[in-house]
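The structure appears right after this line, and notes come after that.
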Amino acid sequence: MGLRDRGPRTPRVAVDTGVQLVAAWHLVGVAAGIVSMLLASRSGDDALPAVIKLFVQVFSIAVTVAHLAAAYGTFRRMRRARTVSLVTNYLLFVVSGSALLHQLGAFTGIGKFGTGLNKAFLPFMVIVVGLLWVLVAGQLLAKKPLAAGPNGLRRAGWGLVALASVWFVIAADPSGMLSMIGDRITQPLTLGTLAVALCSGAATRFMWQRRVAVHFGTSASEEQTLSGLAFLSPNLIGFSFFFAGPLLFSLVVSFFEWKTTGTGRSFVGIDNYVRALSLDLSSSDVANAGNEVLKPGYQVLMHLDWFGQNWVLGARDVEFWISLRNITIFLVLAVPASVLPALVLSSILASRLPGMKVFRAIYFIPSVAGVIGVAIIWGQLFQSTVGWINYLILRAGEILPFVDPPAEGHPWLSSNSTALLSMVVVFAWMNFGFNTVLYLAGHQSIPKELYEAADIDGANVWQVFRRITVPQLRNTTFYVLITTSILALQLFDIVWILSTPEPGGPNNATTTPVLALYEEAFQGNDQGYASALAWVLFLIIFGFTFAQFRQQKDGATSGGVS
Amino acid sequence: MAAVTFNNISKRYKDGPKAVDDLNLEITDGEFMVLVGPSGCGKSTALRMIAGLEEISDGELRIGERVVNEVPPGDRDIAMVFQNYALYPHMTVRQNIGFALEVAKVRKDEINRRVEDAAEMLGLTEYLDRLPKALSGGQRQRVAMGRAIVRSPQVFLMDEPLSNLDAKLRVQMRSDIIQLQARLGTTMVYVTHDQVEAMTMGHRVAVMRKGVLQQVAPPQELYLRPANLFVAAFIGSPAMNLITADVTIEKATGGDQPDDVFVSFGGHRLRISPKALDRYPGLRERNGTKVIFGLRPEHFAMEEDLEVGDDQILTIRCDLAEAMGAEVHIHAVIDVPPPAVDGAPIAAEDDPEALVAGTKVIARVDGIHTIAMGQDVRLAVKTHLTHFFDPASGAPLR
Amino acid sequence: MSVRRKGPKATAIRIITYVLLVVVAVVVVFPFAVAVTTSFKRNTDIFTYPPSLIPKKDSTIPAADVGLDGDPVPVFTFPARDDRPGRWALVDADASLAEFRPLDDLERVIVLDVKAGEKTGATVTIDGEEEDVFLVDDGGTQVEAYRSRLTSGGLFVSVDDPSTSVLDLVNFATPAREFGPRFANFTEVLAEKDPETNGKGVGRSLTNTVLVTILVVLGQIITSILGGYAFARVQFKGRSTIFLVYLGSVMIPFVVLIIPLFQLMLQVNWRDNLVALIIPFAFTAYGTFLMRQFFLGIPAEIEEAALLDGASRSTILWKVMVPLARPAIATLATFGFLYAWNSFFWPLVIINSGNPDNAVLSLTLSTLGGRSSTDTNLVFAGTVLAMTPPILVFLFAQRYFVENSASSGLK
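Residue numbers (numbering that gives the first Met the number 0), protein chains in the order written: chain A, 0 to 561; chain B, 0 to 397; chain C, 0 to 410.
Laid out in structure tokens, this is it:
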């Protein structure tokens with residue numbers, strides 16, 4: 000019948016033999032697990048570093064147990080055995096495969112690949128052009144299926160790609176890379192890993208087959224779960240390894256004194272958090288009293304004058320508190336500066352007058368251009384002697400009577416009072432376009448009838464904006480405010496490039512929490528404390544996220560990703 | 000080709016009622032079986048269980064001799080046409096029809112040959128290199144058919160394949176499908192909610208309601224001998240009039256004369272032909288009780304068109320007269336509460352909050368008559384074609 | 000806002016609207032214009048006042064125009080001298096000159112040929128020195144002057160009238176400037192890092208950025224397609240739990256992960272290697288959601304039809320779902336591209352040995368254009384190079400990008 004008469008199939012391993020082989024492989028795995036456990040636990044000169052040792056031990060135990068269960072189940076032909084065996088083999092395949100790539104230097108070799116690419120950039124560009132060509136030809140093909148021309152074009156594109164690939168390989172000269180792999184692959188450890196990877200890979204492939212599932216009587220829902228996890232696995236493994244794991248580790252580190260390098264690691268409880276957040280307020284008789292009126296270890300954060308009494312507020316980490324003050328000011332200025340223009344502009348752009356798409360595209364460009372480039376440009380614009388900003392203010396002063404330009408060019412970035420303000424300008428300039436687009440999406444959900452009704456009622460432009468647009472965009476506004484705030488709270492790149500004379504300068508006027516964190520972690524060598532700062536910052540950001548979450552739950556119109 | 004057998008099949012969703020409840024049905028080899036019922040009756044679920052797209056909670060499903068409960072859809076050797084056709088939008092007609100063969104790694108020239116044969120059979124040859132979006136609804140429908148027949152499967156499954164077409168095209172496709180099935184001789188399971196399709200297409204029709212199979216029979220039998228009130232109400236268009244009525248049986252005076260049976264409702268009284276008693280012998284035991292009296296709209300006639308006794312005339316006030324050309328539908332209301340089984344309306348389409356309190360009846364008479372709204376109409380009733388059901392169980396009084 | 004209204008008031012409003020839009024557009028575009036023009040300037044040109052948007056170079060004319068052979072001749076003007084209008088070619092920068100000072104105004108200098116002037120025979124005492132008095136030509140009139148200095152200077156020939164020539168000190172003349180972009184900025188900034196050639200090594204960073212971006216985008220597309228498909232279309236145990244965890248992960252700011260990721264990179268010895276910029280970023284919860292949403296929107300029947308056609312799950316995914324998901328993949332690729340191309344914080348943390356072979360563009364630019372930057376023209380050339388690809392990608396993929404930036408959070 001129909002589909003039954005397929006061509007002859009390649010002979011395959013009989014299910015029974017295969018299952019026995021897999022079971023035997025699992026027994027080997029048990030033995031190997033025990034051996035690696037013993038090897039990892041050895042002490043003396045060649046002992047492994049503590050973290051790696053712990054990891055290998057845990058991994059070995061897990062592997063041994065899993066292999067044992069899989070071997071037992073497979074021999075007894077238990078229903079769940081296939082699942083256990085599959086999971087064990089698959090994970091083992093991933094781990095040993097990664098280890099193999101690591102041993103072959105494939106990961107760190109990407110840098111070397113970069114060298115090759117650098118040498119062969121021209122053929123690479125030709126390949127890119129060829130691929131684009133194929134893509135365009137494909138589009139043409141989809142539009143006019145019967146035309147013979149595009150097909151030939153597509154073939155020509157592929158031909159170009161093939162030629163350029165050969166050119167690329169010659170130009171990139173991969174001989175060094177190949178010989179390195181050749182050298183490494185002959186080492187016994189690499190060969191062992193290779194064997195494990197091959198065996199576990201083959202076992203996974205075999206056990207995955209439909210007839211093996213029938214053999215073990217796997218149920219349809221179990222089969223679904225397996226295939227779901229298989230599809231998700233690349234994502235899930237990456238997610239656990241590069242997100243979930245580090246996240247937990249970060250929490251752990253924040254309770255330690257943990258130096259970047261060296262061995263200074265000790266549990267300090269919540270000391271890091273206490274140090275970050277400690278404040279001390281004391282009164283003093285004299286104005287502008289120094290550190291001596293505060294508890295030891297505290298430094299003056301600010302002087303206060305309440306009801307004729309002089310007070311001194313001190314903190315243990317003054318820089319962090321200053322950064323919190325800065326970021327609060329920044330938030331208060333930068334968020335409205337990047338949201339309000341967006342609200343107004345989006346209302347205009349939503350009107351579908353001719354040319355709106357062009358303006359929309361233009362406004363969006365700063366947010367895609369890359370923050371480093373943007374900051375460099377603005378650094379030049381803010382330049383005090385020959386910068387455009389001062390020049391334009393000067394020219395404006397000649398035309399407009401109310402502008403009073405300073406006699407000397409104002410040093411925007413190196414003045415305490417305007418440094419942060421300059422960052423606000425750059426931030427708002429970068430982000431208002433993105434917010435405009437967010438608002439435009441919000442506009443689409445406003446019923447057109449409202450505007451028509453207002454038109455009939457004779458409302459003017461301002462009334463329509465004030466009474467219909469703004470209230471109807473309430474949820475969008477909330478969302479835009481929150482996302483912009485979260486972005487603003489993590490201010491770093493702009494400050495890193497623009498602040499002067501050092502990052503955060505002048506006189507800490509532009510220090511931000513992330514900058515403080517960066518300096519503690521990567522310049523001050525105190526990663527435990529920096530982790531604590533990260534978590535404090537996270538809690539602040541989470542407050543904003545949570546507010547948005549609550550709002551989304553209440554407001555039906557902004558559904559969120561789910 | 001193969002038979003399809005449902006043995007005590009049930010489908011239960013998490014925390015929901017059973018979508019299919021203990022279904023027993025044998026579809027014989029080469030049969031055209033129509034599953035019909037109102038939406039939510041479980042007909043589509045049953046079909047999807049044959050396809051393997053729904054898990055079977057209970058029971059045993061066979062295609063041919065093979066139990067297929069755990070066989071994945073691709074290995075069941077069946078083909079299905081979906082309501083929205085489910086064509087692959089990015090593939091040409093040729094690729095769409097040939098996809099199954101391509102997956103099965105059939106040789107390229109063989110694929111081409113079979114695709115072209117199927118296309119020719121369906122009149123699609125000139126559209127083979129078009130994308131689905133460049134086709135009309137009817138053409139898409141035929142591509143979906145082509146995708147099914149190119150595989151020469153054991154069973155065809157069709158899930159309301161005509162419901163997205165306009166009325167004219169639907170009639171055309173209906174006969175096309177009947178002829179196609181007759182030619183190929185492949186077992187066909189056809190799901191529809193449209194009882195006209197069911198009656199015209201199926202060798203046998205299975206009527207389902209709320210997951211329970213009501214009756215399986217050839218179309219004529221469904222019409223003449225509905226297994227229960229639901230089938231009675233569902234089959235036929237316009238639907239059978241169902242009226243709660245009192246039965247009076249008057250013993251015949253003469254020895255071999257049949258008894259006189261009367262039904263009365265809302266101030267009307269009709270003498271029922273004794274032939275009805277032959278079809279519903281259970282009526283004899285119902286003297287003095289209430290029954291549900293069923294009368295199809297087409298079994299009315301204007302008094303002048305049909306000669307009957309005075310006691311077989313029903314006089315009603317016409318609320319609305321729909322002139323359809325060949326016939327006129329007269330709508331009227333009988334002053335009795337509408338019948339219900341276990342407190343629920345009988346047909347799913349019945350609106351429990353209807354505007355009028357009484358029982359609506361429709362009579363279908365010859366199109367030559369002109370009937371005015373509000374006019375009293377004297378209708379002759381073909382009482383030998385009436386139906387009787389138990390008001391408690393809905394079972395026919397056979 | 001109403002579109003249909005007519006009349007003078009509506010027209011006025013519309014004009015104001017467009018003026019506002021154009022003003023904002025100028026505010027957006029102007030900094031880019033500054034960047035592009037600066038990238039073609041000479042470094043000396045950048046720090047002149049007033050700032051200008053036109054890259055300039057010193058004017059020259061071909062030597063043949065003034066009757067000479069050899070290199071092009073520089074052109075000068077004398078803005079302070081009304082008697083020397085137009086442009087003057089410096090045909091000899093080493094002519095022998097004499098400076099004369101008129102006796103009635105010793106501050107003034109008259110520059111003439113060494114042999115010019117006639118001794119009157121008289122002498123005059125200046126600052127205790129006895130000097131001969133000459134009768135010299137001062138713009139047509141003969142004045143008495145003494146020769147204060149013998150020096151060398153320039154012989155200028157009028158460009159308009161090559162028969163006219165004047166002698167003057169070169170620094171009394173102003174070099175004439177004309178439009179002249181300096182394309183060498185780009186080659187220099189791209190060239191291998193080398194103080195000799197002024198190479199800045201941006202070329203290598205560009206290569207690295209391209210490599211990193213391509214691999215990150217490919218990785219994100221593959222993992223997101225697989226993950227999105229699993230979340231959208233495969234019913235499996237624990238799916239909703241895992242999905243909730245993924246959703247929650249979006250709330251975690253990257254700052255929290257910086258330190259542990261850094262530690263992880265140390266452990267696997269990926270610090271200061273491009274791989275640290277690629278593998279950890281080949282997985283994206285956002286992309287997974289995007290693909291999931293798209294797959295959810297594809298009618299289930301299409302997938303069921305493929306199942307009945309005997310296709311396996313992976314065949315369905317790659318042959319049916321992925322071709323249909325092209326718009327979503329384009330969106331994802333654009334997002335991935337912009338993210339990978341522009342990312343800065345993580346490269347700053349992890350690529351910290353200063354080895355240019357491992358740096359990416361944003362990092363190299365931040366070092367080049369940082370506080371102690373020199374060669375601003377080269378910095379801007381690099382900036383323009385770095386900004387062009389993302390802007391081009393955005394403009395080409397705008398349709399997908401703008402629509403989905405909006406629907407990422409709303410709708």
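Quick reminder that beta carbons are idealized off the backbone N, C-alpha and C, glycines included.
The model shown is predicted, which means the values in this text are computed figures rather than measured ones.
In the structure shown, serine 282 of chain A falls within a strand segment according to DSSP collapsed to helix, strand and coil. For glycine 66 of chain C, no CB of chain A lies under 8 Å from its own CB, so it is not counted at the interface with that chain. The beta-carbon separation of tyrosine 84 of chain B and phenylalanine 98 of chain B, rounded to 13 Å, does not stay under the 8 Å limit for a contact. In the structure shown, leucine 293 of chain A adopts coil according to DSSP, grouped into three states. The three-state reading of DSSP puts aspartate 316 of chain A in coil, since its state is none of H, G, I, E or B. With its beta carbon less than 8 Å from one in chain B, threonine 314 of chain C belongs to the interface.
Closer than 8 Å to the CB of proline 88 of chain B there is at least one CB belonging to chain C. Neighbours of alanine 219 of chain A in chain B, taken as residues at a C-beta separation under 7 Å, are given in chain order as Glu54 and Glu69. Take aspartate 258 of chain B, set aside five residues on each side of it, and the residues of its chain with a beta-carbon closer than 7 Å to its own are Ile248, Glu249, Lys250 and Ala251, in chain order.
For valine 267 of chain A, the secondary structure class from DSSP, reduced to helix, strand or coil, is coil.
Residue pairing for glutamate 98 of chain C: DSSP places it in a beta bridge opposite C:Val110 and C:Arg148. Residue burial annotation: glycine 41 of chain B is buried, with at least 16 other C-beta atoms found within 10 angstroms of its C-beta. Under a criterion of Cβ atoms nearer than 9 Å, the residues of chain C adjacent to valine 370 of chain A are, in order, Asn341, Phe343 and Ser361. Interface criterion met: the Cβ of isoleucine 77 of chain B is under 8 Å from a Cβ in chain C. In the DSSP assignment, valine 123 of chain C is bridged to C:Glu130.
By the Cβ criterion, the region 226 to 235 of chain A is in contact with the region 220 to 237 of chain C, since at least three pairs of Cβ atoms, one from each stretch, lie closer than 8 Å. In terms of CA proximity to isoleucine 271 of chain B, B:Ala244 leads the group B:Arg182, B:Ala244, B:Ser151 and B:Gly265. Going by C-alpha positions, proline 61 of chain C is about 11 Å away from valine 158 of chain C. The C-beta of alanine 232 of chain B comes no closer than 8 Å to any C-beta of chain C. DSSP places asparagine 23 of chain B within a strand segment (E or B) once states are collapsed to three.
The continuous alpha helix (DSSP H) containing arginine 325 of chain C extends over residues 325 to 341. Remark: C-beta atoms of leucine 34 of chain B and valine 190 of chain B approach each other more closely than 8 Å.
For serine 249 of chain A, at least one C-beta of chain C is nearer than 8 Å to its own C-beta. A Cβ of chain C is located within less than 8 Å of the beta carbon of threonine 384 of chain A. DSSP, reduced to helix, strand and coil, places arginine 465 of chain A within a helical segment of the structure shown. If you look at methionine 157 of chain B, you'll find it in the beta strand (DSSP E) that goes 154 to 158. Inclusion of leucine 306 of chain C and isoleucine 77 of chain B in the CB contact set at 8 Å is not warranted, their separation being larger than that value. By the rule that beta-carbons nearer than 8 Å mark a contact, isoleucine 328 of chain C does not touch chain B.
Residue range 387 to 398 is occupied by the alpha helix (DSSP H) that includes arginine 394 of chain A.
Against glycine 73 of chain B, the close residues of chain C are Ala305, Leu306, Leu307, Asp308, Gly309, Ala310 and Ser311, in the order they occur along the chain (beta-carbon pairs closer than 9 Å).
In the structure shown, alanine 520 of chain A falls within a helical segment according to DSSP collapsed to helix, strand and coil. Sorting B:Pro160, B:Glu303 and B:Asp304 by C-alpha distance to the C-alpha of methionine 144 of chain B places B:Pro160 at the top.
Unbroken alpha helix (DSSP H) stretches of 4 residues or longer found wholly inside the region 178 to 226 of chain B: 194 to 200 and 218 to 223, given in chain order. With contact defined as three or more Cβ pairs closer than 8 Å, the region 144 to 155 of chain C and the region 106 to 118 of chain C are in contact. When DSSP states are grouped into helix, strand and coil, phenylalanine 235 of chain C belongs to the coil group. Interface residue (Cβ-Cβ distance to chain A less than 8 Å): tryptophan 269 of chain C is classified as such.
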